[in-house]
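J.: To start, I am sharing the structure in question, which I have written as structure tokens.
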Amino acid sequence: MSDNPTFDRITEEINDTDVVLFMKGTPMFPQCGFSAAVVGALSQMQVKFKGVNVLEDMEMREGIKAFSDWPTIPQMYIKGEFVGGCDIIKEMYEAGELQQMFDDKGIDYVS
Amino acid sequence: MAMESTEIEQMIKEALPDAQIVIEDLRGDGDHYAARIVSSAFEGKSRVQQHQIVYAALKGKMGGQLHALALTTEAPANT
Numbered sequence: 056m057s058d059n060p061t062f063d064r065i066t067e068e069i070n071d072t073d074v075v076l077f078m079k080g081t082p083m084f085p086q087c088g089f090s091a092a093v094v095g096a097l098s099q100m101q102v103k104f105k106g107v108n109v110l111e112d113m114e115m116r117e118g119i120k121a122f123s124d125w126p127t128i129p130q131m132y133i134k135g136e137f138v139g140g141c142d143i144i145k146e147m148y149e150a151g152e153l154q155q156m157f158d159d160k161g162i163d164y165v166s
Numbered sequence: 191m192a193m194e195s196t197e198i199e200q201m202i203k204e205a206l207p208d209a210q211i212v213i214e215d216l217r218g219d220g221d222h223y224a225a226r227i228v229s230s231a232f233e234g235k236s237r238v239q240q241h242q243i244v245y246a247a248l249k250g251k252m253g254g255q256l257h258a259l260a261l262t263t264e265a266p267a268n269t
């Protein structure tokens with residue numbers, strides 16, 4: 056536990072679920088092009104993930120930026136590890152590295 | 191809220207003097223850029239760390255004054 060309640064909530068989110076995407080909007084209705092692009096890639100790969108809508112939660116919106124030391128949304132965590140924002144995810148997706156990472160870490164796919 | 195590409199380039203150069211930088215104004219609106227940056231500072235760093243170095247160079251403008259800057263970062267190729 057830290058003395059920052061938002062950080063504790065973030066830690067809980069990324070420990071509870073293998074793939075967590077902090078995003079603007081929801082996976083069904085992304086409200087930003089960058090979040091939509093990442094949702095598109097994850098959906099294409101049929102990976103199970105949880106979207107956390109930062110637009111509904113101002114503390115989460117600012118908290119996640121400080122937590123990851125990363126100024127923009129979306130942000131993806133895999134098994135508690137920060138993987139990157141939109142550019143990195145896109146680059147990894149196109150290079151096949153993201154698929155490799157999901158496989159290596161034994162992430163569940165939508166059955 | 192927009193930023194000139196020359197200003198972005200200058201800030202990155204200040205932090206990474208050896209950087210080779212190519213900036214593209216994606217929509218011509220001074221608000222959506224893509225930058226390709228090659229610097230020895232990125233050697234041995236993960237992609238996340240490389241981007242964090244660039245964000246640090248931009249001193250908090252990323253995500254604020256600068257809405258969108260798509261980054262591609264790379265260490266110089268070994269020749």
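Chains as they are written, first to last, in this note's numbering: chain A, 56 to 166; chain B, 191 to 269.
All residues carry an ideal CB built from backbone N, CA and C; glycine is no exception.
Note that this is a predicted model, so its numbers are computed, not measured.
#1: For A/Q130, which residues from the same chain have a beta carbon less than 7 angstroms from its beta carbon, with the 5 sequence-adjacent residues on both sides left out?
#2: Within the 8 angstroms Cβ cut-off, does B/T269 reach chain A?
#3: Between the Cα of A/I133 and those of A/T127, A/I144, A/G95, A/P60, spot the shortest distance and give me the residue it belongs to.
#4: Let's see if you can read the secondary structure: which residues bound the alpha helix (DSSP H) around A/R116?
#5: Less than 6 angstroms between C-beta atoms, sequence neighbours within five positions excluded: which residues of the same chain meet that for B/Q210?
#6: Chain B partners of A/P85, CB-CB under 8 angstroms?
#7: List the residues of chain A whose Cβ lies closer than 8 angstroms to the Cβ of B/A260, in chain order.
#8: By how many angstroms is the C-alpha of B/A224 removed from the C-alpha of B/T263?
#9: Could you name the residues of the stretch 103-125 of chain A whose beta carbon sits closer than 9 angstroms to any beta carbon of chain B, in the order they occur along the chain?
#10: For B/I202 and B/L248, what's the separation of their Cα atoms in angstroms?
#11: Express the C-alpha separation of B/V238 and B/M252 in angstroms, rounding to a whole number.
#12: Check whether the Cβ atoms of A/Y164 and A/V93 lie closer than 8 angstroms to each other.
#13: With respect to the alpha helix (DSSP H) encompassing B/V238, which residues constitute its N-terminal and C-terminal limits?
#14: Nearest-angstrom Cα distance between B/S230 and A/W125?
#15: Residue ranges of each beta strand (DSSP E) run of no fewer than 3 residues wholly in the stretch 66-115 of chain A, ordered along the chain?
#16: Looking at the structure shown, is B/E197 part of a helix, part of a strand, or coil, going by DSSP?
#17: Opposite A/M131 in the DSSP bridges: which residues?
#18: Which residue marks the beginning of the beta strand (DSSP E) containing B/E233, and which one marks its end?
T.: In short:
#1: Numbered from 1 along the first sequence, position 75 holds the residue referred to as residue 130 of chain A. These residues qualify, in order along the chain: F77, I119, S123, F137, G140.
#2: Taking the second sequence and counting its residues from 1, one reaches residue 269 of chain B at position 79. Summary for B/T269: the model assigns pLDDT 49, below 50, so the residue's position carries little reliability; its value from the coordinates is reported in the next sentence. No, because no Cβ of chain A sits closer than 8 angstroms to the Cβ of B/T269.
#3: The residue labelled residue 133 of chain A in the question sits at position 78 within the first sequence. The shortest C-alpha separation from A/I133 is found at A/I144.
#4: Along the first sequence, read from residue 1 onward, the residue named residue 116 of chain A stands at position 61. Where A/R116 is concerned, the enclosing alpha helix (DSSP H) stretches over 113-123.
#5: What you label residue 210 of chain B is simply residue 20 of the second sequence in a count that begins at 1. Same-chain partners within the cutoff: V228.
#6: The residue given as residue 85 of chain A occupies position 30 in the first sequence. Neighbours of A/P85 on chain B: none; closest Cβ ~15 angstroms, over 8 angstroms.
#7: Against the second sequence, residue 260 of chain B aligns to sequence position 70. Neighbours of B/A260 on chain A, chain order: C141, D142.
#8: Numbered from 1 along the second sequence, position 73 holds the residue referred to as residue 263 of chain B. Numbered from 1 along the second sequence, position 34 holds the residue referred to as residue 224 of chain B. Computed Cα separation, rounded: 11 angstroms.
#9: K120, S123, D124, W125
#10: Translated into the one-based positions of the second sequence, residue 202 of chain B becomes position 12. Translated into the one-based positions of the second sequence, residue 248 of chain B becomes position 58. So the alpha carbons of these two residues sit roughly 7 angstroms apart.
#11: Within the second sequence, numbered from 1, the residue matching residue 252 of chain B stands at position 62. Within the second sequence, numbered from 1, the residue matching residue 238 of chain B stands at position 48. In a straight line, the C-alpha of B/M252 is about 15 angstroms away from that of B/V238.
#12: Numbered from 1 along the first sequence, position 109 holds the residue referred to as residue 164 of chain A. Numbered from 1 along the first sequence, position 38 holds the residue referred to as residue 93 of chain A. No, the pair does not count as a contact, with Cβ atoms beyond the cut-off.
#13: Reading the second sequence from its first residue, position 48 is the one you call residue 238 of chain B. That run of the alpha helix (DSSP H) goes 237-247.
#14: Taking the second sequence and counting its residues from 1, one reaches residue 230 of chain B at position 40. Taking the first sequence and counting its residues from 1, one reaches residue 125 of chain A at position 70. Approximately 21 angstroms, taken between the alpha carbons.
#15: 74-78, 105-108
#16: As a position in the second sequence, residue 197 of chain B is number 7, starting the count at 1. Helix at B/E197.
#17: For the purposes of this step, residue 131 of chain A is taken as the residue at position 76 of the first sequence. For A/M131, which the question treats as bridged, DSSP gives the partners A/L76, A/G139.
#18: Taking the second sequence and counting its residues from 1, the one referred to as residue 233 of chain B is at position 43. Segment: none, B/E233 is in no beta strand (DSSP E) and carries neither H nor E.
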